[in-house]
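Residue numbers (our numbering), protein chains in the order written: chain A, 112 to 675; chain B, 112 to 675. Where a beta carbon is used, it is the ideal one built from N, C-alpha and C, also for glycine.
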């Protein structure tokens, strides 16, 4: 379901219902740009990678947000998905107070979107706006000031003095002799003139009120009762405005409050942008970011990470873990369970809408179910044994046919004739017989099967296996990586860097105060040769004399740690 | 005529012809944003205003460029206009080398464009790309390197070593025993694998060439002759690519080379953006910018400045000088001359397309003709005397009707029946009898009437009458402005600022080393009172003892300068 700015308000209850009822939520974003140009090194430290992502959130924006909820439907023995696609544009919904938002676009990123038939007119004309928490506060404060006439004075241009004097003369004449006129109108040509009139009435005409109309300002004297009524109306309108101005953040707030599993594919950058754009700017330190993100989304699962980390899946799927590849691979027989259907009200995605955020969220959530159903079958094959069935009789034909052709949804099912209703048929719910995937326990914690993957997300081109929102990351055992440990002292990073620089361009990443990881993007010699040379250098280097330095491969390091 | 990325190449000759044949060129731009948020002071110095504009050019981009050429057509006694509307988008036309362009959008600016029905899909999908002079050089250099196989080596990921080894084995096997195969194909999955193969063939297989095909790389041994042919083809393709990649800059280069009058409305920001986006980044110093801009566009005319500076026009038009107002006002009888028609091939703008850049350029050029025709009539009324005409006979009716209803073009003219051709009629050219506006002399210099307005453009909210690309600007005589002159010494700006700060927020702008202008945004007292107080302060201030400071109003300053 595509949600435009114009429909957003009306669709909020449906969105809330989908979040409340579901088992988990998949999401995906499209962005106005990816990285600052010319600085993406092939390999980097975790802290630098986070800094890069954080900087990206300060520049680029989410242009499209896809959310797909998945709910297990017991009577029909399948999952029902509801996919929402939101274009997001930082305009002001009410048009009254506009946060002056400036954002960056990367031409290449827009080119990329255009290859996916992104509709830029829908983006600007129909994109849903939003306010962050801080912006909401500023908005309310500004609006309150306006309500209480606390606006700062503006200077009067010489050119406009005759206009202002004429207006004052007109008001004075009306006060002196109102005749039958209950009000006086001042014609204005622009916003500046309007503001001058408001200011003049506020300052010099106590008891009079000025209200903007199309092209003129209506000035009148209100009774105490009328004034109160006016005040009340303005306050109510303000609250409604603000409620509406929060806009898309409502959806994110609801997802967060639900504490449900949030699924993405290669989702670290998505999570960074979602938090920075809709909640608050990202903190400078990666540890603070981890805590913030985990507070907002307590159970994150990354399908890219799952498919690369689960040995059983690796065997079957190989090293390619793009969403396209996973979608293709999980159409195999081994990933038959569970059956997933789009809710009939959300028919938009029955046909292929690849790379629209809403569709990608749907695909991501589907892949998650397929992967964990497969893992569950590996661990509990007895659950998935097909019951011994008699050879199909003529009556059964259609049903079994459906079970084996899950992906040809539209072709096989016959449209019921709407003019012919059989009461008995209406009672019957077809059960697709698929098996629910155990993701969460009844206590609201991840199942044993899910737990190893929760809050770990893919992070490539570093020395780490993944990015972990809760724990310390594990180190990849690869031959271009060394560990330098310093007994009793803080490791001398500059010295280590200089020594390793003799054999290529090293990247340093901190493990703890006394330990650093050194990664070469490009290893020019055999690992053992370099190790030997470095050990010699260390023993001869005067700067190393005060440090008891231990140089190890990652495997050696892991063994040492295990043995401690 | 709207020119899309897809049509651009084919329409270049028509664009060139329009520029070459015309009397002058009007232009207009639409931008992705206007100012950095929250820093626009109401009044500022000229240097700061330029700095602000310059910074804007580093952030925002032209999204639409409108150009309208105007050519006097002697046989028909009217001007013929050709309006071009270009969506501009910084993609790469060829897709081979993409300058990674990042630009800013101001949400408000896109909102503004959307109110004018701006088509954001046309912008991204069909916008014409461009290269600046420096980008063109870098593009050519990069392309040359690629052509000569001078690309830097990329490191080999551990994961890809088996892939690379398998490829090498296959090539080696083919070399050892080619059988009947003239080539060997290596299947690749992504750009990284392709680049690895190119690199390996280049480094380890002298005499073999690798060429990309869809999904695989074809490796073969070419003869000397084939190699030369291949080289030649690649070079030719490169030159064509580059020619095409220059893209929209061609149009700007042609306008510049024509040295024709370039007309805009409130055009300072347009000129800044045109130069910065298509030619080169703006220099830090305003004086250098003036020289650069004047070299590129030697004759600029700003219709906003003309309408505000010409006393005869001011009387008639008043202080409102927006393009909308000028368009409306110049439809009066006093601005009847000259007749302007859109070339029939450019019919897009017969109906109103207000605020599309191409239409605004058309309107701006039309306003220019109307304004200067009016001024010409004031100076040479004899030229504009209508000849004594006999009362219209029945035959004349249609013709005179047309002359008085210039703006109802489509209604009055009858479509000729295409099936019925009268040879005599074809020879006849209707003469609308309007009078050419004398803008340039035959020597290619501005006429005496035009000269006072050439290269002066509107610059509001400063102490200056205008921005002058060639000379020093004149100071506005207004009561919120003071001149401080220091005899024999450099004026002590900080001291002056402190003294004036006692009476409001002063803005200082330099006239020369010894003279500053001080402007108050908001004058809190009568000018003479403040003058008296400041003179007292100056006489008592110990910091002023060493300086012989003269405080004057602008009028006093002007008188003193005149008397020197």
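So residue 213(B) contacts chain A; which residues on that side make the cut at Cβ distance below 8 Å?
Mapped onto the second chain, residue 213(B) falls at position 102. Neighbours of residue 213(B) on chain A, chain order: 144, 147, 148, 170, 215, 216, 217, 218.
Which same chain residues end up closer than 6 Å to residue 671(A) when comparing Cβ atoms and leaving out the 5 residues on each side of it in sequence?
Within the first chain, residue 671(A) is the residue found at index 560, counting from 1. Contacts found: none.
Mind pulling the alpha helix (DSSP H) runs of 4 or more residues that sit fully within the segment 218-280 of chain B?
Runs of the alpha helix (DSSP H) lying entirely within the segment 218-280 of chain B, each at least 4 residues long, are 218-226, 231-237, 244-258 in chain order.
Taking C-alpha atoms, which residue in 287(A), 422(A), 443(A), 472(A) lies nearest to residue 175(A)?
Along the first chain, read from residue 1 onward, the residue named residue 175(A) stands at position 64. Comparing Cα-Cα distances from residue 175(A) to each of 287(A), 422(A), 443(A), 472(A), the minimum goes to 472(A).
Can you tell me which of the three DSSP states residue 199(B) falls into?
Position 88 of the second chain, counted from the first residue, corresponds to residue 199(B). If DSSP states are grouped into helix, strand and coil, residue 199(B) belongs with the strands.
Residue 175(A) in three-state terms, based on DSSP
The count along the first chain starts at 1 and reaches residue 175(A) at position 64. Strand at residue 175(A).
When the cut-off is 8 Å and only beta carbons count, does residue 604(B) lie next to chain A?
Translated into positions along the second chain, residue 604(B) becomes position 493. Answer no: the Cβ-Cβ gap between residue 604(B) and chain A never drops below 8 Å.
Using three-state DSSP, classify residue 642(B) as helix, strand or coil.
Taking the second chain and counting its residues from 1, one reaches residue 642(B) at position 531. Helix.
Looking at the unbroken beta strand (DSSP E) that takes in residue 141(A), where does it start and where does it end?
What you label residue 141(A) is simply residue 30 of the first chain in a count that begins at 1. Taken as a continuous stretch (DSSP letters only), the beta strand (DSSP E) holding residue 141(A) covers 135-142.
Return the residues of the segment 218-233 of chain A that lie within a Cβ-Cβ distance of less than 7 Å from chain B, sorted by chain order.
218, 219, 221, 222, 225, 230, 231, 232
Based on Cα-Cα distance, which residue from 194(B), 201(B), 187(B), 192(B) lies nearest to residue 173(B)?
Numbered from its first residue, the second chain carries residue 173(B) at position 62. Nearest of 194(B), 201(B), 187(B), 192(B) to residue 173(B), Cα basis: 201(B).
Three-state secondary structure (DSSP) at residue 382(A)?
Indexing the first chain from 1 puts residue 382(A) at position 271. Reduced to three states, the DSSP call for residue 382(A) is helix.
Counting C-beta neighbours from all protein chains within 10 Å, is the total for residue 190(A) 16 or more, i.e. buried, or is it exposed?
The residue labelled residue 190(A) in the question sits at position 79 within the first chain. Burial of residue 190(A) is indicated by the presence of at least 16 other C-beta atoms within 10 angstroms of its C-beta.
When you compare only the Cα positions, how much space is there between residue 666(A) and residue 242(A)?
For this step, residue 666(A) is matched to residue 555 along the first chain. For this step, residue 242(A) is matched to residue 131 along the first chain. C-alpha separation (whole angstroms): 49 Å.
Using the Cβ count rule (16 or more neighbours within 10 Å means buried), how would you classify residue 254(B)?
Position 143 of the second chain, counted from the start, is the residue given in the question as residue 254(B). So residue 254(B) ends up on the buried side.
With which residues is residue 453(A) paired in a DSSP beta bridge?
The residue you call residue 453(A) lines up with position 342 of the first chain. The partner list for residue 453(A) (beta bridge, DSSP) reads 192(A).
Taking Cβ-Cβ distances shorter than 9 Å, what residues in chain A pair up with residue 270(B)?
The sequence position of residue 270(B) within the second chain is 159, counting from 1. Ordered by position in chain A, the residues that pass the 9 Å Cβ test against residue 270(B) are 430.
Boundaries (first-last residue) of the beta strand (DSSP E) holding residue 117(B):
As a position in the second chain, residue 117(B) is number 6, starting the count at 1. First-last for residue 117(B): 116-132, but that is the alpha helix (DSSP H), not the beta strand (DSSP E).
Three-state secondary structure (DSSP) of residue 667(B)
Counting from one through the second chain, the residue named residue 667(B) turns up at place 556. Residue 667(B) falls in the helix class under three-state DSSP.
Compare the C-beta of residue 236(B) against all C-beta atoms of chain A and say whether one is closer than 8 Å.
If you number the second chain from 1, residue 236(B) lands on position 125. Yes, residue 236(B) counts as interfacial toward chain A.
Closer than 8 Å at the beta carbon, the chain B residues around residue 441(A):
Locating residue 441(A) in the first chain gives position 330, where the first residue counts as 1. In chain order: nothing, as chain B lies at least about 19 Å away.
Chain-ordered chain A contacts of residue 633(B) [CB-CB under 9 Å]
Here residue 633(B) refers to the residue found at position 522 of the second chain. Residues of chain A passing the Cβ test: 264, 265, 266, 267.
Looking at chain D, which residues of the segment 579-599 of chain B have a Cβ within less than 8 Å of any of its Cβ atoms?
The structure shown contains no chain D; the protein chains it does contain are A and B.
Starting from residue 611(A) and walking both ways along the beta strand (DSSP E), at which residues does that stretch end?
Your numbering for residue 611(A) matches position 500 in the first chain. Premise fails: residue 611(A) lies in the alpha helix (DSSP H), 604-612, not in any beta strand (DSSP E).
Closer than 8 Å to chain B by CB, residue 181(A):
Taking the first residue of the first chain as 1, we reach residue 181(A) at position 70. Chain B, which has no Cβ nearer than 8 Å to the Cβ of residue 181(A), makes this no.
Name, please, each residue of chain A whose Cβ falls closer than 9 Å to the Cβ of residue 174(B).
If you number the second chain from 1, residue 174(B) lands on position 63. None at all; the shortest Cβ gap to chain A is about 11 Å.
In or out: residue 294(B) buried (at least 16 other Cβ within 10 Å) or exposed?
Indexing the second chain from 1 puts residue 294(B) at position 183. Counting C-beta atoms within 10 angstroms of its own C-beta, residue 294(B) has fewer than 16 neighbours from the protein chains shown and is therefore classed as exposed.
Taking buried to mean at least 16 other C-beta atoms within 10 Å of its own C-beta, is residue 491(A) buried or exposed?
Translated into the one-based positions of the first chain, residue 491(A) becomes position 380. Label assigned to residue 491(A): exposed.
So with Cβ pairs under 8 Å, would you call residue 392(A) a contact of chain B?
Here residue 392(A) corresponds to residue number 281 of the first chain, with the count starting at 1. Chain B, which has no Cβ nearer than 8 Å to the Cβ of residue 392(A), makes this no.
Go ahead and pull the three-state DSSP assignment for residue 680(B).
It is not possible to answer for residue 680(B), since the shown part of chain B is limited to 112 through 675.
Could you check the C-alpha separation between residue 340(B) and residue 313(B) for me, to the nearest Å?
Taking the first residue of the second chain as position 1, residue 340(B) is located at position 229. Taking the first residue of the second chain as position 1, residue 313(B) is located at position 202. For residue 340(B) and residue 313(B), the distance between alpha carbons rounds to 19 Å.
Compare the C-beta of residue 389(B) against all C-beta atoms of chain A and say whether one is closer than 8 Å.
What you label residue 389(B) is simply residue 278 of the second chain in a count that begins at 1. No, residue 389(B) does not count as interfacial toward chain A.
Starting from the C-beta of residue 586(A), find all residues in its chain whose C-beta is less than 8 Å away, skip the five residues before and the five after it, and write them out in chain order.
By 1-based counting over the first chain, the position of residue 586(A) is 475. Cβ neighbours of residue 586(A) beyond the five flanking positions: 574, 575, 576, 592, 594, 622, 628, 665, 668, 669.
Give every residue of the same chain whose Cβ lies closer than 7 Å to the Cβ of residue 568(B), excluding the five residues on either side of it in the sequence, and list them in chain order.
Against the second chain, residue 568(B) aligns to sequence position 457. 378, 379, 411, 413, 416, 577, 578.
First and last residue of the alpha helix (DSSP H) that includes residue 476(A)?
Translated into positions along the first chain, residue 476(A) becomes position 365. That run of the alpha helix (DSSP H) goes 468-490.
Please list the partners that residue 202(A) has in chain B, where partner means a Cβ-to-Cβ separation under 9 Å.
Position 91 of the first chain, counted from the start, is the residue given in the question as residue 202(A). Per Cβ cutoff of 9 Å: 218, 219, 221, 222, 225.
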